[in-house]
């Protein structure tokens, strides 16, 4: 079984589209345990938002049209959820900036999708999170009620700034490649 089929076998759809569990456990003999409940968390680092571009990259590499369609279906589910989601954080890894990058990527590659509208909405929401009184403008907010000012790329202001730069540019930033964006 190839990896994409195995991952697709772990999805559990809701009314919006496929979702995945946060993890898959192994027993003492290294056999897969039944997957836990799927997570509706919307983040680049895990969940459907991160799976959509991963499937898109795999589809492109494999020349698999059906897998490409599946990646779009996963992304469309994310766009549907985003409109009702209140992000804890503005950051790249597990916040609004990462999902904005995914929406920008899909808007460029799949112009008929809802991605461009969602990207515009997320950009406005992300800019609204700017706090001129905060030392680094954007804070990482984590549940239940922790706020952290950090310059980190994945979980801090540097990643948010890079995302805003990418959103304002007509050229694809080279720094997207290590994050598996097409």
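Residue numbers (this note's numbering): 1129 to 1310. Backbone N, C-alpha and C define an ideal beta-carbon position, used for all residues, glycine too. Note that this is a predicted model, so its numbers are computed, not measured.
(1) Taking all protein chains shown into account, decide if residue 1172 is buried (16 or more other Cβ within 10 angstroms of its Cβ) or exposed.
(2) State the start and end residues of the unbroken alpha helix (DSSP H) segment that holds residue 1270.
(3) Measure the C-alpha to C-alpha separation of residue 1192 and residue 1274 and round it to an integer number of angstroms.
(4) Between which residues of its own chain and residue 1163 is the CB-CB distance below 7 Å, once the five residues before and five after are set aside?
(5) Beta-carbon separation of residue 1182 and residue 1202 under 7 Å?
(6) What residue ranges within the segment 1177-1226 form continuous beta strand (DSSP E) runs of no fewer than 3 residues, ordered along the chain?
(7) Can you give me the C-alpha to C-alpha distance between residue 1223 and residue 1270, rounded to a whole angstrom?
(8) What is the residue span of the alpha helix (DSSP H) that residue 1243 lies within?
(9) Measuring straight from C-alpha to C-alpha, what distance separates residue 1264 and residue 1235?
(10) In this structure, how does DSSP classify residue 1152 when only helix, strand and coil are distinguished?
(11) Determine which residues share a DSSP beta bridge with residue 1275 and list them.
(12) Is residue 1147 buried or exposed, if buried means 16 or more other CB atoms sit within 10 Å of its CB?
(13) With a threshold of 7 Å between beta-carbons, can residue 1239 be considered close to chain B, or not?
(14) Can you round the beta-carbon distance between residue 1254 and residue 1231 to whole angstroms, since I take them to be within the 8 Å contact cut?
(15) Quick one: what's got a C-beta closer than 7 Å to residue 1225's C-beta in the same chain, skipping five residues either side?
(16) In chain order, which alpha helix (DSSP H) runs of at least 4 residues are fully inside the segment 1131-1175?
(17) When burial is assigned at 16 or more other CB atoms within 10 Å of the CB, is residue 1190 buried or exposed?
So, from the data block:
(1) buried
(2) From DSSP, residue 1270 is part of no alpha helix (DSSP H) but of the beta strand (DSSP E) over 1268-1270.
(3) 43 Å
(4) 1138, 1149, 1152
(5) no
(6) none
(7) 10 Å
(8) Secondary structure note for residue 1243: its alpha helix (DSSP H) is the uninterrupted segment 1243-1256.
(9) 29 Å
(10) coil
(11) 1269
(12) It counts as buried.
(13) In the displayed structure, chain B is absent; only one protein chain is listed.
(14) At roughly 11 Å, the Cβ-Cβ gap does not stay under 8 Å, so residue 1254 and residue 1231 are not in contact.
(15) 1218, 1219, 1254, 1287, 1288, 1291
(16) Assignment of alpha helix (DSSP H) within the segment 1131-1175, counting only whole runs of 4 or more residues, yields 1131-1137 in chain order.
(17) The residue in question, residue 1190, is exposed, as its Cβ has fewer than 16 Cβ neighbours within 10 Å.
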